[in-house]
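Trainee: Let me give you the structure first, and then I'll get to my questions.
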Ligand SMILES: NC(=O)c1ccc[n+]([C@@H]2O[C@H](COP(=O)([O-])OP(=O)(O)OC[C@H]3O[C@@H](n4cnc5c(N)ncnc54)[C@H](O)[C@@H]3O)[C@@H](O)[C@H]2O)c1
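Residue numbers (the working numbering): 80 to 529.
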């Protein structure tokens, strides 16, 4: 069925069961949360009978399928929504999925009192107000890993294209210039590849490069295990001996201008540089200078200090230089990566929804308690202040309720506890738990009612 705004609505294959309850501390729910108590089943009935997932920005169908299989009703929209549009669209939503364009503000969150989690189906979570999410007990998930193979493959392709000066030859031919020459064109077999940052991506590049007969050396600030015949070397040795250097460091601020004048001067004459990590890691003015002088033979750059919005003008000192491949931050952008991200983020969100496991959430404390059939589970998100557990335990003990298992973790100002207790959680008990000072949210996950 098509929605009014051009998206698709898919009904879940099985309805979620009707006792899901979530409570909010009234002081934290501005505007729409007057009573401080929201029953998501009530919300589901009011907004159409199913618990709803809203997916924006053309998120992979793999995510929608997983949510449907879990019993949700999914609405997928192709584009992003601005704040006003999202505030209109979001009421009744239990799970919201976005990519990198949609801003999730406190006002958006306040329009969706039943929202349980927000998924960034990408790496960056900069456009999500994570503090506002935490203050409302909303878990935020992302996926920093599933596109690593895509980046590694692009790096490999670029190594070959740079060493064969393929991009330059292609550009000339597009301009009508036939220039058949072997000068400056090399096989990669036998060349030395220097990998700076030997993490998830760097180590995959290492495997692929060795399969092509390259000698691999690497430098990493952490102690990491060498793969195959790759050899750890000092940063200096890597600069001086590599024929191609590829950067796969993380985005910590110390990596600002990791490659500047001094590093380029230390590189082997005729070497190439590839950067698919972060734009600020390389001084682009210095790189352009060394490419123009011919000291460096080529470069492939996917990430930039300032990246414009899609369609806007791109400004860089690297534009127009020979044997320089420029790509608009697409290292991780493949359909396979999107599908993997869709599956990964949706599975984390479903798990959180059903069992309360917040593992890999970017804002909530990391809490996980293996679910055992027959137990009754309670989730309690609160401000990280002394006395909360005692208050909860007293409430349970006063009612003769036994705690079978419990786990607590804190993250900055937020605390999160999962309880498995020996009886069902009724409205009276929930209201009592909600009244514990500094409570943000109390939830009975769907799984514990099966
Ligand atoms: N171009 C794209 O589309 C794209 C897609 C995905 C990831 N990335 C970027 O690629 C980079 C690598 O991603 P990853 O998943 O492999 O990260 P990772 O955290 O698994 O690995 C990074 C490695 O770099 C090392 N490191 C950090 N600073 C270093 C330094 N100064 N010298 C040597 N080693 C250093 C770390 O110890 C770590 O082993 C990240 O910056 C990420 O944001 C880009």
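Positions of the beta carbon are idealized from the N, C-alpha and C atoms, including for glycine.
All values derive from a computational prediction rather than experimental measurement.
Figure out for me which residue from 182, 391 and 407 has the closest Cα to the Cα of residue 166.
Mentor: Position 87 of the chain shown, counted from the first residue, corresponds to residue 166. When each option's Cα is compared against that of residue 166, the closest is 182.
Trainee: Whose C-beta lies closer than 7 Å to the C-beta of residue 180 among residues of the same chain, with five residues either side of it excluded?
Mentor: Here residue 180 refers to the residue found at position 101 of the chain shown. So the list reads 136 and 159, once near-sequence residues are dropped.
Trainee: Does the segment 267-277 come into contact with the segment 238-249, if we say contact requires no fewer than three beta-carbon pairs (one atom in each stretch) closer than 8 Å?
Mentor: Contact holds: three or more Cβ-Cβ distances are below 8 Å.
Trainee: Shortest alpha-carbon distance to residue 447 belongs to which of 372, 384 and 498?
Mentor: As a position in the chain shown, residue 447 is number 368, starting the count at 1. For residue 447, the nearest C-alpha among the options comes from 498.
Trainee: Starting from the C-beta of residue 398, find all residues in its chain whose C-beta is less than 8 Å away, skip the five residues before and the five after it, and write them out in chain order.
Mentor: Within the chain shown, residue 398 is the residue found at index 319, counting from 1. If we look at residue 398 and ignore the five residues flanking it on each side, its Cβ neighbours are 405.
Trainee: Whether or not the segment 481-498 and the segment 457-468 are in contact is what I'm after, with contact meaning three or more pairs of Cβ atoms, one per stretch, closer than 8 Å; do they touch?
Mentor: Contact between the segment 457-468 and the segment 481-498 is present, because at least three Cβ pairs lie under 8 Å.
Trainee: Within its chain, find whatever has a CB closer than 8 Å to the CB of residue 220; leave out the 5 residues flanking it on each side and keep chain order.
Mentor: The count along the chain shown starts at 1 and reaches residue 220 at position 141. Within the same chain, residue 220 has close Cβ partners 196, 197, 198, 199, 424, 427, 428, 431, 439, 440 and 441.
Trainee: Starting from residue 496, follow the beta strand (DSSP E) in both directions and report where the run begins and ends.
Mentor: Position 417 of the chain shown, counting from 1, holds the residue named residue 496. Start and end: 493-500.
Trainee: Let's see if you can read the secondary structure: which residues bound the alpha helix (DSSP H) around residue 279?
Mentor: Within the chain shown, residue 279 is the residue found at index 200, counting from 1. Taken as a continuous stretch (DSSP letters only), the alpha helix (DSSP H) holding residue 279 covers 279-290.
Trainee: So, helix, strand or coil for residue 509, using DSSP?
Mentor: As a working note, residue 509 is residue 430 in the chain shown. Looking at residue 509 - three-state DSSP - the assignment turns out to be helix.
Trainee: Can you tell me where the beta strand (DSSP E) holding residue 483 begins and where it ends?
Mentor: If you number the chain shown from 1, residue 483 lands on position 404. First-last of the beta strand (DSSP E) with residue 483: 482-490.
Trainee: Just verifying my parser: in three-state terms, what is the DSSP assignment at residue 458?
Mentor: Locating residue 458 in the chain shown gives position 379, counting from the first residue. Strand.
Trainee: DSSP on residue 245, reduced to helix/strand/coil?
Mentor: In the chain shown, the residue the question calls residue 245 occupies position 166. Looking at residue 245 - three-state DSSP - the assignment turns out to be helix.
Trainee: Tell me the rounded alpha-carbon separation between residue 113 and residue 437.
Mentor: For this step, residue 113 is matched to residue 34 along the chain shown. For this step, residue 437 is matched to residue 358 along the chain shown. Caution applies to residue 113, whose pLDDT of 26 falls short of 50 and renders its modelled position unreliable; the model cannot decide the point.
Trainee: On a Cα-Cα basis, can you pick out the residue from 168, 345, 460 and 289 that is closest to residue 190?
Mentor: For the purposes of this step, residue 190 is taken as the residue at position 111 of the chain shown. Cα-wise, what sits closest to residue 190 is 168.
Trainee: Specify the secondary structure class of residue 476 as computed by DSSP and reduced to three states.
Mentor: Position 397 of the chain shown, counting from 1, holds the residue named residue 476. In this structure, residue 476 counts as helix in the three-state DSSP scheme.
Trainee: If the criterion is Cβ atoms closer than 8 Å, does the pair residue 188 and residue 209 meet it?
Mentor: As a first step, residue 188 must be located in the chain shown, where it is residue number 109. As a first step, residue 209 must be located in the chain shown, where it is residue number 130. Contact flag unset, no.
Trainee: How close, in whole Å, do the beta carbons of residue 273 and residue 317 come, if the pair is a contact with beta carbons under 8 Å?
Mentor: In the chain shown, counting from the first residue as 1, residue 273 sits at position 194. In the chain shown, counting from the first residue as 1, residue 317 sits at position 238. About 4 Å; that satisfies the 8 Å criterion.
Trainee: Straight-line CA distance for residue 230 to residue 303?
Mentor: In the chain shown, residue 230 corresponds to position 151, counting from 1. In the chain shown, residue 303 corresponds to position 224, counting from 1. Distance between the alpha carbons of residue 230 and residue 303 is about 20 Å.
Trainee: Measuring only the C-alpha atoms, how far is residue 99 from residue 524?
Mentor: Along the chain shown, read from residue 1 onward, the residue named residue 99 stands at position 20. Along the chain shown, read from residue 1 onward, the residue named residue 524 stands at position 445. Here residue 99 scores only 37 on pLDDT, less than 50, and its place in the model should not be relied on; the value that follows carries that caveat. Distance between the alpha carbons of residue 99 and residue 524 is about 7 Å.
Trainee: Given residue 478, which residues of its chain have a CB within under 8 Å of its CB, disregarding the five upstream and five downstream residues?
Mentor: Residue mapping note: residue 478 aligns to position 399 of the chain shown, counting from 1. Cβ within range, chain order: 508.
Trainee: DSSP three-state label for residue 197, please.
Mentor: Taking the first residue of the chain shown as position 1, residue 197 is located at position 118. Three-state DSSP puts residue 197 in a strand.
Trainee: Tell me, please, which residues DSSP counts as bridged to residue 324.
Mentor: Within the chain shown, numbered from 1, the residue matching residue 324 stands at position 245. Beta-bridge pairing links residue 324 to 273 and 352.
Trainee: To which residues of the same chain is residue 516 closer than 6 Å at the C-beta, ignoring the five residues directly before and after it?
Mentor: By 1-based counting over the chain shown, the position of residue 516 is 437. So no residue of the chain qualifies.
Trainee: Per DSSP, which residues does residue 418 bridge with? Please list them.
Mentor: Position 339 of the chain shown holds residue 418. According to DSSP, which records beta bridges pairwise, residue 418 is partnered with nothing at all.
Trainee: Opposite residue 131 in the DSSP bridges: which residues?
Mentor: Along the chain shown, read from residue 1 onward, the residue named residue 131 stands at position 52. Paired residue(s): 152 and 172.
Trainee: Assuming residue 337 and residue 378 are in contact, meaning their beta carbons sit under 8 Å apart, how far apart are those beta carbons, in whole angstroms?
Mentor: Locating residue 337 in the chain shown gives position 258, counting from the first residue. Locating residue 378 in the chain shown gives position 299, counting from the first residue. Contact doesn't hold; Cβ gap of about 15 Å is too wide.
Trainee: Which runs of the beta strand (DSSP E) spanning at least 3 residues fall entirely within the segment 335-399, listed in chain order?
Mentor: Correct list: 351-354 and 377-380.
Trainee: Can you find a heavy atom of ligand 1 that lies under 7 Å from the Cβ of residue 243?
Mentor: Locating residue 243 in the chain shown gives position 164, counting from the first residue. Because no heavy atom of ligand 1 lies under 7 Å away, the Cβ of residue 243 does not count as near it: no.
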